[in-house]
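In our numbering, the protein residues as written are 531 to 796. The next block holds one structure in the form of structure tokens; read it before the comments.
Here it is in structure tokens:
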């Protein structure tokens, strides 16, 4: 309103040709402003995300590669092995030195690089390229869903709005469901609020995991109530707490699967 008043006052002292230019400029600003409001409104109600989902390229992923865990024969050994599953938030090849496929003059992750060479890694050593992230898998909870169930998160609601629900795709069978049926002790450890994005709902729905998050650490007296770094508490603390949890889980006769999610590199 203030800008319009100034424009009206200034316009009286401007030559006619400048008045026309000002009118065109204000008309364009008005169109941009209304366009911004329209986009914001459509984005808030999820219309933009829904359009992106509908316009995504079709794929034969399920026809060619997906194996339905409800029909597949999954055989466990008589002596079941324990599982430690670590999600490294935003970890990528570019942290490595350039001759290893990274983009750095020095290697920021030498230990992970060594593990990569010693084990299975999804990258092409000739082209020095890592795995590409598929549509619907490129944010935290979507990546956790994709890795544990084999499906992308292609729903019309917002990316991290699943925390409003108490269940998370209950019709899907994932790794947690399979391990729970085999008698595994399941736990998810996160250094932030596990409710964010519906991560706790995902792991409660699929395997009924015990949840250890930022608030668990406060409740147990590991950190003070006003302690808050980045997303909650640091990864170094997460790994320290995980060692304690591993000791407790290993003390049982039942097999266990412990899942960790780092956050320092988010």
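Glycine is no exception: its CB is placed at the ideal position from the N, C-alpha and C atoms. The model shown is predicted, which means the values in this text are computed figures rather than measured ones.
Around residue 735, the same chain offers 697, 698, 700 as residues with beta carbons nearer than 6 Å, after the five sequence neighbours per side are excluded. Following the DSSP letters along the chain, one finds residue 740 inside the beta strand (DSSP E) bounded by residues 740-742. Shortest Cα-Cα distance from residue 747 to any of 764, 737, 732, 733 involves 764.
Excluding sequence positions up to five before and after residue 727, its CB lies within less than 7 Å of the CB of 670, 671, 690, 692, 693, all in the same chain and listed in chain order. Residue state for residue 758 is assigned as coil, using DSSP reduced to three classes. Taking all protein chains shown into account, residue 721 has 16 or more neighbouring C-beta atoms within 10 Å of its C-beta and is therefore buried.
A direct Cα-Cα distance of roughly 34 Å separates residue 707 from residue 573. In chain order, 618, 619, 765 place their CB closer than 6 Å to the CB of residue 792, counting only its own chain and leaving out the 5 sequence neighbours on each side. The continuous beta strand (DSSP E) containing residue 720 extends over residues 715-720. Taking 8 Å as the upper bound for CB-CB distance, residue 630 and residue 637 are in contact here, some 7 Å apart. Per the coordinates, the alpha-carbon of residue 738 lies some 8 Å from the alpha-carbon of residue 710. Beyond the five residues adjoining it in sequence on each side, residue 788 comes within less than 6 Å, by CB distance, of 614, 717 in the same chain, given in chain order. In the DSSP assignment, residue 625 falls outside any beta strand (DSSP E) and carries neither an H nor an E. For the options 625, 596, 623, 634, the alpha carbon positioned closest to that of residue 677 is the one of 596. Per DSSP, the unbroken beta strand (DSSP E) holding residue 616 starts and ends at 613-617.
When DSSP states are grouped into helix, strand and coil, residue 788 belongs to the strand group. In terms of CA proximity to residue 753, 771 leads the group 713, 771, 741. Counting every other CB atom within 10 Å of its CB across the protein chains shown gives residue 673 a total of 16 or more, marking it as buried.
Annotated as distal: residue 704 and residue 784, with beta-carbon spacing of 8 Å or more. By the criterion of a C-beta distance shorter than 8 Å, residue 661 is surrounded in its chain by 652, 653, once the five residues flanking it on both sides are discounted. Our two residues, residue 781 and residue 599, have alpha carbons roughly 30 Å apart in a direct line. Residue environment for residue 761: buried (at least 16 other C-beta atoms within 10 angstroms of its C-beta).
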